[in-house]
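Colleague: Structure incoming, see below.
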């Protein structure tokens with residue numbers, strides 16, 4: 001593959017995988033917690049929380065990226081505090097991971113929430129009558145029953161993170177070897193003469209990674225169902 005791709009394109013592939021994996025892994029625990037909260041609890045502000053979670057789906061990605069820039073940039077309220085601790089997100093690959101995590105978070109929550117809603121509460125109640133603590137019920141009853149939904153959320157989140165463009169390029173720009181992910185590299189190549197060939201190769205690689213993730217998720221879900 002190194003002969004098929006140039007060094008810059010190869011860097012974009014590796015960086016996209018790194019960003020997508022970090023974003024998905026970092027989002028998963030919070031996505032499970034928020035999905036459980038939305039599916040199993042009613043409280044003042046429930047609908048508002050649901051709206052905030054899904055906001056990145058309906059806002060233009062560039063707006064999300066701009067909000068991240070003014071919040072987590074080095075002059076922003078959060079970014080300024082992080083800079084004092086030696087952490088800089090704007091125009092760094094870690095900022096790309098943050099942007100893709102925020103954009104993929106609603107898809108993960110939605111899939112996992114459906115899993116919680118489809119778990120028969122009578123099974124959990126039966127475990128409770130046997131004296132099992134809540135944490136044990138969640139780990140031994142609820143979680144195994146909804147593993148396919150969690151896998152679906154992981155797949156959706158990973159695929160979205162791999163393909164995110166608007167928020168990422170607004171927050172971390174398009175710096176080759178540092179913040180240039182697959183979508184950014186494709187955009188840059190299509191803006192240059194004779195860049196269609198390398199761009200098409202990156203498109204094929206991106207599609208192959210996404211399809212591979214979906215197929216792996218389906219295979220794991222079938223295995224767990226058996």
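Numbering (full-length UniProt numbering), first residue to last: 1 to 226. Just so it is clear, CB atoms sit at the ideal spot from N, CA and C, and this is done for glycine as well. All of these numbers come straight from a predicted model, not from anything done at the bench.
1. Considering only their Cβ atoms, is the gap separating residue 33 from residue 116 smaller than 8 Å?
2. Looking at the unbroken alpha helix (DSSP H) that takes in residue 75, where does it start and where does it end?
3. With a threshold of 16 other CB atoms inside 10 Å of the CB of residue 148, please say whether the residue is buried or exposed.
4. Going by DSSP in three states, residue 13 sits in which element: helix, strand or coil?
5. Within this structure, are the beta carbons of residue 85 and residue 157 separated by less than 8 Å?
6. Which residue's Cα is closest to the Cα of residue 60: 20, 99, 186 and 140?
7. For residue 79 versus residue 90, is the C-beta distance shorter than 8 Å?
8. Compare the C-alpha of residue 88 against each of 104, 71, 102 and 101 and name the closest.
9. Go through its chain and collect everything with a Cβ distance to residue 155's Cβ below 7 Å, but skip five positions before and after it.
10. Given residue 181, which residues of its chain have a CB within under 7 Å of its CB, disregarding the five upstream and five downstream residues?
11. For residue 183, which of 197, 202, 152 and 24 has the nearest alpha-carbon?
12. Drop a sphere of 10 angstroms on the beta-carbon of residue 211, count the other beta-carbons inside from all chains shown, and report buried for 16 or more, exposed for fewer.
Modeller: To lay it out plainly:
1. Mapped onto the chain shown, residue 116 falls at position 116. Mapped onto the chain shown, residue 33 falls at position 33. Their beta carbons are not under 8 Å apart, which means residue 116 does not touch residue 33 by this criterion.
2. Stepping through the chain shown from its first residue, residue 75 is reached at position 75. No residue range can be given for residue 75, since it is assigned to no alpha helix (DSSP H) and is classified by DSSP as neither H nor E.
3. On the chain shown, position 148 is the one that residue 148 refers to. Flag for residue 148 reads buried.
4. Taking the first residue of the chain shown as position 1, residue 13 is located at position 13. Looking at residue 13 - three-state DSSP - the assignment turns out to be helix.
5. The residue labelled residue 85 in the question sits at position 85 within the chain shown. The residue labelled residue 157 in the question sits at position 157 within the chain shown. Not in contact: residue 85 and residue 157 (Cβ atoms no closer than 8 Å).
6. Residue 60 sits at position 60 when you count from the first residue of the chain shown. That would be 99, whose Cα lies nearest to the Cα of residue 60.
7. What you label residue 79 is simply residue 79 of the chain shown in a count that begins at 1. What you label residue 90 is simply residue 90 of the chain shown in a count that begins at 1. Yes, Cβ-Cβ distance for residue 79 and residue 90 is below 8 Å.
8. Looking up residue 88 in the chain shown gives position 88. Checked all of 104, 71, 102 and 101; the closest Cα to residue 88 is 71.
9. Taking the chain shown and counting its residues from 1, one reaches residue 155 at position 155. Cβ within range, chain order: 213, 214 and 217.
10. Reading the chain shown from its first residue, position 181 is the one you call residue 181. The residues are 12, 15, 16, 19, 96 and 168.
11. As a working note, residue 183 is residue 183 in the chain shown. Residue nearest to residue 183 within the set 197, 202, 152 and 24 is 202 (criterion: CA-CA distance).
12. The residue labelled residue 211 in the question sits at position 211 within the chain shown. By the 10 Å Cβ count, residue 211 comes out exposed.
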